[in-house]
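Numbering (UniProt numbering), first residue to last: 1 to 81.
Where a beta carbon is used, it is the ideal one built from N, C-alpha and C, also for glycine.
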């Protein structure tokens, strides 16, 4: 979880709560994490509003998945949005 917090700029305390409540269900854990991000539960003035571009950057970032292929795929499908 720590890695996604870094990439998506989310609060570690809230993520630990999500992780504890959804320990046995990775899909729910991911869903709740993305919900936090989409509900702008981070410093949007500093890091920007949720967008496909920010998601692609987070997925490609070493702290957020380190998956440049998926990052490129998101960018190509949602170019600049």
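{"query": "Among 68, 79, 58 and 38, the one whose alpha carbon lies nearest that of residue 8", "result": "58"}
{"query": "Boundaries (first-last residue) of the alpha helix (DSSP H) holding residue 32", "result": "26–38"}
{"query": "Of the residues 55, 12 and 65, the one placed nearest residue 75, counting alpha carbons only", "result": "55"}
{"query": "Own chain, CB closer than 7 angstroms to residue 29, minus 5 neighbours either side, in chain order", "result": "18, 19 and 22"}
{"query": "For residue 51 and residue 60, believed in contact at Cβ under 8 angstroms, the rounded distance", "result": "Rounded, the Cβ-Cβ distance is 14 angstroms, inconsistent with contact."}
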